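Let me begin by presenting the structure, written as structure tokens, before commenting on it.
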Amino acid sequence: MATIRKRNIGNTEFYYLQHSMKINGKVVKKEKYLGKKVPKNIDEIKKHFMNEIYKEKWHKKLDEIRTNFRKYMQKLPEEIREKYIEQFMIKFTYNTNRIEGGSLTFKDTSKLLHDNIAPSDRPVKDIKEAENHRNLFYTMLKYKKDISLGTVLEWHHNLFKETKPGIAGKIRNYQVGISGTDVELPSPVELNAMLKEFFSWYNSNRKKLHPVELAALVHYRFVSIHPFGDGNGRISRILMNFILHKHGFPMLDISYKNRDRYYTALERSQKSKNENIFVQHIMKRYIKDYKKYIARQK
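Spelled out as structure tokens, the structure:
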């Protein structure tokens, strides 16, 4: 995170933005001169400053991942590509539901979605939500338009129509909270305006931001609005992967075993109102998961 530093030269104060980072194993300090006073729009300056740092530190690696992933997928026979997608879908469905309290194990999920064998000792609700998530995942892959409120409402409805019909595809009109955290979520009266602002922001930035950064921000901003009574995390992760897939990047699976780091980054961002914390977490996770597509540095 960028910090403001003050230097005294004679009797005059000068202000700078500073941020330290590692590039190829070396600590590099980046600096931006602000002036003799801290500008009023310092938050916007910080965002722009950090975005430039992202470009230098991560964007080149992210683009290399996309290029080499595409080459790899193009070489595969169609049947093997389909198998790759199915394997990702099973893993993604298991983790996204498990994070939200689902009881199905990875083995349960794999047998259900690949072999059509439902576990006899698991709640029907969890089985239906796994099946519906699979169906939604493939719907998302085939979706050619861009996301809108109507799209999100339809996707949420399809995910929960059998297990939570009272909330499926409906914006909540009641207050909700998240167990284990004191982060305050928006009140019902704020939701329509916040959703309108969210999609306006998305449409203005979808061609300006790097796709992985855009995917992380869409996830963060949507889940922070928390428009549904349940399923906000699952829809946010679907939206994130929609953007990655749309732009030719491999999709990201946030694993159940890494959920604590994921939730910590999300909570820290929400409490400090600094979305860069979550964006950095997603980018680091993404590069780590797909490092095999990055050429080794000599």
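Under our numbering, residues 16 to 313 are what the sequence shown spells out, in order.
We treat Cβ as the ideally placed atom computed from N, Cα and C, and that holds for glycine.
Computed from a predicted structure; not experimentally measured.
| Query | Result |
| --- | --- |
| V53 (DSSP reduced to helix, strand or coil) | coil |
| Neighbourhood of G248 by C-beta, 7 Å cutoff - its chain only, sequence neighbours within 5 removed | I114, E115 and V238 |
| Residues near K179 by beta carbon distance below 7 Å, same chain, minus five either side | D245 |
| Backbone secondary structure at Q295 - three-state DSSP | helix |
| Inter-residue Cα distance where the pair is G40 and I182 | 49 Å |
| Residue range of the unbroken beta strand (DSSP E) whose run includes H34 | T27 to I38 |
| Sequence-distant residues of its chain with Cβ nearer than 8 Å to R85 (five each side left out) | G263 |
| Beta-carbon proximity list for P138, same chain, < 8 Å, skipping 5 on both sides | S118 |
| A145 and N112 closer than 8 Å at C-beta | yes |
| Under 8 Å between C-beta atoms of F214 and L164 | yes |
| Near the ligand FAD: M36 beta-carbon under 7 Å from a heavy atom | Of the ligands one can find in the structure shown there are none, so the ligand FAD has no counterpart to examine. |
| Cα-Cα separation, S287 to E199 | 12 Å |
| Close beta carbons around P134, own chain, < 6 Å, minus the five adjacent residues each side | D123 |
| Residue environment, V43, which counts as buried when at least 16 other CB atoms sit within 10 Å | exposed |
| Where T166 sits in the DSSP three-state scheme | helix |
| Alpha-carbon to alpha-carbon, Y87 and E228 | 23 Å |
| Pair within 8 Å by beta-carbon distance, L156 and I253 | no |
| 8 Å Cβ cutoff met for I80 and Y271 | no |
| Local conformation of K313 per DSSP, three classes | Bear in mind that a pLDDT of 40 at K313, under 50, signals an unreliable position, so the number given afterwards is only what the model happens to contain. Coil. |
| Whole-angstrom distance between S202 and Y189, CA atom to CA atom | 7 Å |
| At least 3 beta-carbon pairs within less than 8 Å: the stretch 290-302 vs the stretch 101-108 | no |
| Simplified DSSP assignment, three categories, for Y305 | coil |
| Per-residue DSSP class, three states only, for Y153 | helix |
| Sequence-distant residues of its chain with Cβ nearer than 8 Å to L259 (five each side left out) | P226, V227, A230, P265, M266 and L267 |
| Candidates E28, E71, K37 and K45, of which the one nearest V53 by Cα | E28 |
| Three-state class that DSSP yields for R85 in the structure shown | helix |
| Local conformation of N173 per DSSP, three classes | helix |
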